[in-house]
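Novice: According to my numbering, the sequence shown holds residues 527 to 795 in order.
Beta carbons: idealized from backbone N, C-alpha and C, even for Gly.
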Amino acid sequence: MPVALCKDPVTRELNKRGYNLVKLPRVGIEPMDVLGRDGTSVEKLGSISEVWTSSGPLPSVGAPTAVAGIGGERTSDLDVGIGLKLLADALAGLGGGISLPSLSVAFKQARTVQFRFDNVESTSVTPFALGKYLASGTLDTSNVFVAPYFGNDETQEYIIFDVLKSDAISVTAKSERGTEVSADANALAGAVGANVTVKGSVTGSTEITFKGHAKVTFAFKVFEVVFEDGTWKPSGVAPGDGVEFALPGEDDEAGPAILLKPGQLVRLK
């Protein structure tokens, strides 16, 4: 793993606040979602409310709140080859389809790139509300996907209770000498698709902002939960000291990666 990614200021800040990181930001990762881990494979199973009938109230998801200290913070300088692959993943999450060759043409002067998430918001349920919901009720063991996970010592289950979302990502390109260089906003606007807008001057732009129509999740917090003797036992999960997005590798086709524990990447299909 490149040192620049390990020491990235955005990654450090997110990990310090307890957030795990999504390789491919996307819609559909929400509080109350359950992740089931079997070996190195992690599946999003659905909302806990789909398999748990509680005598307590379903927790209300709080209104989105702005998050200070994360939005507006730039990442470290990333090699342009890695950076453009990560940018393509991020734009796919925002709803924009653009090829790596098109990105390479638009950023042809760049040797490194920096990213910045804009308009960052947190959406969450409180642990107390979640605990009240899980305090008493019935788990639907007739569901064929429940038995392989809950109550199985070989698997782990996690409940998401907080997510960070953004609808915009800004990119700054730099030369070999570290000076900011222009990117072709016109070429990007024509290639990215109708779901994402591109903001930047026609020529001489040193920062390009991509904005989608919907906010996508790029980080989250979880509790690990164990269902034992009819009761739930939650425990905290430390965020991994990883990267904002997982590095593309030889098995990248297996799906986007998330970080759940220190030093451990798993696949969320």
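#1: From arginine 642 to glutamate 599, what does the alpha carbon distance come to, in whole angstroms?
#2: Counting only the same chain and skipping the five closest in sequence on each side, list residues whose C-beta sits under 6 angstroms from that of glycine 565.
#3: Please return the same chain residues whose Cβ sits closer than 8 angstroms to the Cβ of threonine 743, not counting the five positions on each side in sequence.
#4: Should lysine 700 go down as buried or exposed, given a rule of 16 or more other Cβ atoms within 10 Å for buried?
#5: Roughly how many angstroms separate the alpha carbons of serine 567 and asparagine 678, rounded to a whole number?
#6: Taking the alpha carbon of aspartate 644 as the point to measure from, which residue in Phe746, Thr652, Ser575, Thr601 has its own alpha carbon closest?
#7: Among the residues of its own chain, which have a CB less than 6 angstroms from the CB of valine 752, if the five just before and after it don't count?
#8: In the DSSP output, which residue or residues are listed as bridge partners for glutamine 640?
#9: Starting from aspartate 615, trace the alpha helix (DSSP H) both ways and give me its first and last residue.
#10: Excluding sequence positions up to five away, which residues of its chain have a Cβ less than 6 angstroms from the Cβ of leucine 773?
#11: For isoleucine 734, which of Glu680, Phe676, Ala632, Phe746 has the nearest alpha-carbon?
#12: If valine 724 sits next to alanine 745, beta carbons under 8 angstroms apart, how far is it from one beta carbon to the other, in whole angstroms?
#13: Give me whichever residues DSSP pairs with phenylalanine 746 in a beta bridge.
#14: When the Cα of valine 577 is compared with those of Phe671, Ala717, Thr681, which residue comes out closest?
Specialist: In brief:
#1: 6 angstroms
#2: none
#3: Val548, Pro551, Arg552, Val553, Gly554, Ile555, Glu556, Val689, Leu690, Lys691
#4: buried
#5: 15 angstroms
#6: Thr601
#7: Excluding positions up to five away in sequence, the list reads Lys759.
#8: Per DSSP, the beta bridge partners of glutamine 640 are Thr698.
#9: Taken as a continuous stretch (DSSP letters only), the alpha helix (DSSP H) holding aspartate 615 covers 606 to 620.
#10: Only weak support exists for where leucine 773 lies, its pLDDT of 32 falling under 50; the value from the coordinates is given anyway. If we look at leucine 773 and ignore the five residues flanking it on each side, it has no Cβ neighbours.
#11: Ala632
#12: Not really, about 24 angstroms apart at Cβ, beyond 8 angstroms.
#13: Asn546, Val689
#14: Phe671
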